[in-house]
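Note sheet for the following structure.
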């Protein structure tokens, strides 16, 4: 328990426990609180006997427990020997309370305030019981806060581990993406040197986007679409109308987001897996579904052999969405088409 919570406990706990003690003593000794006996007490007597002394007793019980807890936490931590610590704290607690109470009962007061031996024994028994309970409460409080600290540390470690895995998956994209586009550029330079300059400029702008958004785990649909339009320029420069991409109604999803480069990886996956030409183009449709998904769907004309690393894109997307923990992609493959549904995420920057 922190110093602040001990301060609050002193402010609210002592009076509350004192009132409980007044009620408890009344229930145990009802005849001591009869109407006849009250006639010899004034209101100030009541304040002194039933309120002030009972509150002082409550404060003694718990302040002793607090001070013992603070000191024994340094000398004999709970984690070291829990049973030894419990016994030591309990014995010290009841001893200190008893040593403090005995001289108080030796003070000579007016006869109407004098406590009999029965009351003295009751207070000692209460002290024993409450010392035991207080020690148990302080032990439980200590381990509860330790448990909360462990939970917090575990949560932070999981977040760091998740972020590290996401960062590692993002790093997979760069060499993969660069390799494919350098291959495209190499084939473009001999026949179209002027266009290859535009290609390099566009490629550099795409890499700028990738670098600027590397820290982001979720990006807006609008930003991803701007990137996709630039990315498609690279492939359409080489293949022309052999690749046809139709993007529709995604402007409606301005408050949604997806994992960065998701659409790029799905388009690249379709290009890698399928053969296409001007006569038989690859058609890719990207559209929203039920305001919960983005669907990327393409017709199938599978190549005889897949390119190396052709499964990296889908695996990367799936693993990133698993780490983000808000739904995973749904893959549906039929005879004539291949479809991936990407769950829309909450874009916290909107």
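In my numbering, the protein residues as written are 5 to 354.
Built from N, CA and C at the ideal position, the CB exists for glycine as well.
Residue i classed as buried or exposed, judged by whether at least 16 other C-beta atoms fall within 10 angstroms
| i | result |
| --- | --- |
| residue 293 | exposed |
| residue 15 | exposed |
| residue 41 | Here the model assigns residue 41 a pLDDT of 49, short of 50, so the residue's position is not dependable and the matter cannot be decided. |
| residue 262 | buried |
| residue 341 | exposed |
| residue 71 | exposed |
| residue 329 | exposed |
| residue 238 | buried |
| residue 158 | exposed |
| residue 232 | buried |
| residue 301 | buried |
| residue 160 | exposed |
| residue 106 | exposed |
| residue 183 | exposed |
| residue 86 | exposed |
| residue 154 | exposed |
Proximal residues to residue i (C-beta, below 7 Å), its chain only, five neighbours per side dropped
| i | result |
| --- | --- |
| residue 240 | 247 |
| residue 38 | Confidence is the limiting factor: at residue 38 the pLDDT is only 40, short of 50, which leaves the residue's position unreliable, though a coordinate-based value still follows. So the list is empty, once near-sequence residues are dropped. |
| residue 62 | 18, 21, 22 and 25 |
| residue 199 | 192 and 241 |
| residue 213 | 231 |
| residue 234 | 206, 209 and 210 |
Rounded straight-line distance, which links the Cα of residue j to that of residue i
| i | j | result |
| --- | --- | --- |
| residue 271 | residue 286 | 10 Å |
| residue 58 | residue 104 | 14 Å |
| residue 82 | residue 89 | 6 Å |
| residue 130 | residue 221 | 59 Å |
| residue 320 | residue 227 | 20 Å |
| residue 133 | residue 64 | 14 Å |
| residue 358 | residue 162 | Because the chain is modelled from 5 through 354, residue 358 falls outside the range shown and cannot be assessed. |
| residue 252 | residue 148 | 54 Å |
| residue 334 | residue 279 | 24 Å |
| residue 208 | residue 190 | 15 Å |
| residue 322 | residue 295 | 20 Å |
| residue 206 | residue 269 | 18 Å |
| residue 140 | residue 151 | 16 Å |
| residue 11 | residue 97 | 20 Å |
| residue 276 | residue 195 | 23 Å |
| residue 307 | residue 156 | 50 Å |
| residue 215 | residue 297 | 26 Å |
| residue 94 | residue 56 | 26 Å |
| residue 332 | residue 186 | 31 Å |
| residue 128 | residue 99 | 10 Å |
| residue 338 | residue 291 | 18 Å |
| residue 84 | residue 142 | 16 Å |
Residue i vs residue j beta-carbon contact at 8 Å
| i | j | result |
| --- | --- | --- |
| residue 348 | residue 260 | yes |
| residue 351 | residue 318 | no |
| residue 266 | residue 210 | no |
| residue 254 | residue 229 | yes |
| residue 69 | residue 144 | no |
| residue 289 | residue 250 | yes |
| residue 256 | residue 299 | no |
Anticipated Cβ contact below 8 Å, residue i with residue j, distance rounded
| i | j | result |
| --- | --- | --- |
| residue 135 | residue 101 | 6 Å |
| residue 217 | residue 223 | 6 Å |
| residue 92 | residue 76 | 7 Å |
| residue 258 | residue 284 | Going by Cβ atoms, the distance from residue 258 to residue 284 rounds to 36 Å, so no, they are not a contact pair. |
Contacts around residue i, its chain only, beta-carbon distance under 6 Å, and the 5 residues preceding and following it disregarded
| i | result |
| --- | --- |
| residue 244 | none |
| residue 80 | 89 |
| residue 303 | 287 and 341 |
Nonlocal neighbours in the same chain, by C-beta distance under 8 Å from residue i, ignoring five residues either side
| i | result |
| --- | --- |
| residue 1 | Missing from the structure shown is residue 1; the chain here goes from 5 to 354 and no further. |
| residue 204 | 189 |
| residue 202 | 241 |
The ligand NAD heavy atom lying under 7 Å from the CB of residue i
| i | result |
| --- | --- |
| residue 20 | With respect to small molecules bound, the structure shown includes none, and the ligand NAD cannot be examined in it. |
8 Å Cβ cutoff, residue i in contact with chain B
| i | result |
| --- | --- |
| residue 201 | Absent from the structure: chain B. Only one protein chain is present. |
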